[in-house]
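Everything in the first sequence is counted per the numbering used here, starting at 517 for the first residue and increasing by one. See structure below.
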Amino acid sequence: MRTNRRIHKIYTLLYKSFGPQHWWPGDTPFEIMVGAILTQNTNWRNVTRAIDNIKKAELLEPKKLLKNRKRIPRLIKPSGFYRLKAKRLVAFLEYYVHNYNSNISNLRAKSTKRLRSELLAISGIGNETADSILLYALSRPVFVTDVYTRRVFSRHNIFAYNLPYDDIRHIFEMKVPRDVQLYNEYHALLVKVGKEHCKKNEPLCTACPLGDITL
DNA sequence: TGCCAGGCCGGGT
DNA sequence: ACCCGGCATGGC
C-alpha cells in the first residue's frame with residue numbers, strides 16, 4: 517500500500533478506536549502557549565498543576581506574568597525543570613509583549629513561516645514547541661511531531677525513528693490534506709495511542725488498534 | 001525502586 | 001551532521 521494511504525488508514529483506525537481528543541486542553545491561546553513550553557519532556561498532569569498555580573495567582577496574562585517574573589519559578593515548580601522553564605517562559609513573554617503588545621491579533625496577522633522562524637529564534641523554543649503553538653494556539657495547518665509520532669510511525673515502518681524533524685513535517689504536509697482540525701486530531705491521537713500502546717522499551721503491543729492489521 | 005513523562009540547549013566529536 | 005549530559009518534579 518502506498519505511504520499516503522497507510523498514513524490515512526492509521527488516522528482512520530485511531531479515530532475509530534479513540535474518538536475525538538478535544539485538544540489542546542486549555543481555555544485560551546495564551547494558556548496553550550504557556551502549556552506548550554511547560555510540557556517539554558514532562559507529564560501533562562504536572563503541567564496542569566503549574567498552570568493552576570499561575571491561575572490561582574491571577575497571573576495567567578502576558579503582561580502581568582512578565583511583571584511578576586520572579587514568582588514564575590515557584591509557580592511552575594510542579595512541571596519540572598522549573599528554573600530552566602521559567603527562563604524559557606520569560607523569553608517567550610518578552611517576545612510576545614515587546615514585539616506584539618501581547619495581542620493575539622497581531623500574531624495572527626503574520627505568516628506561518630515567519631512566525632515559526634521567530635519562535636525558533638527564542639531560546640527554549642524548538643521545533644515541537646513552536647509547531648504546537650502554531651497549530652493549537654494559532655490554528656495553522658502544521659503537523660507536529662513528538663516522540664510518540666516517531667515511535668508509532670517507525671514501528672509501522674512509515675519512516676525511520678531518527679528522521680529529521682522537518683523531513684517528517686514535510687512528508688505529512690505533502691501527503692495529508694492541510695486541514696487544521698485534521699492535524700489537530702492526528703497529533704492528539706498519536707499521543708493517545710503512544711501512551712496506551714506504544715511505550716518506551718516495549719516494542720510490541722498486541723492490544724494496539726494498529727498492531728494486528730496490514731497497513 | 002527505578003524508569004518515565006506531549007524537549008531543548010550547548011559543548012564535543 | 002550527529003551524540004550526549006543536564007535540567008527536576010510527581011506517578012506508577
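C-beta: ideal position from N, C-alpha, C; glycine also. Since this is a predicted model, take the numbers as computed values, not measurements.
- With a contact defined as Cβ atoms closer than 8 Å, residue 707 and residue 662 qualify at about 7 Å.
- DSSP places residue 534 in the helix class (H, G or I) of the three-state scheme.
- A residue is called buried when at least 16 other Cβ atoms come within 10 angstroms of its Cβ; residue 700 meets this threshold and is buried.
- For residue 623, same chain residues with a beta-carbon under 8 Å away, outside a window of 5 residues either side, are 612, 616, 631 and 654 in chain order.
- Between residue 677 and residue 590, the alpha-carbon positions lie close to 36 Å from each other.
- In the three-state reduction of the DSSP assignment, residue 639 falls in the coil class.
- If you draw a straight line from the Cα of residue 650 to the Cα of residue 719, it is about 32 Å long.
- Only residues of its own chain outside the window of five on either side were considered, and among them 604 and 607 have a CB closer than 6 Å to the CB of residue 640, listed in chain order.
- In this structure residue 658 touches residue 628 by the C-beta definition: roughly 7 Å separates them, less than 8 Å.
- In this structure, the straight-line span from the alpha carbon of residue 601 to that of residue 563 is close to 11 Å.
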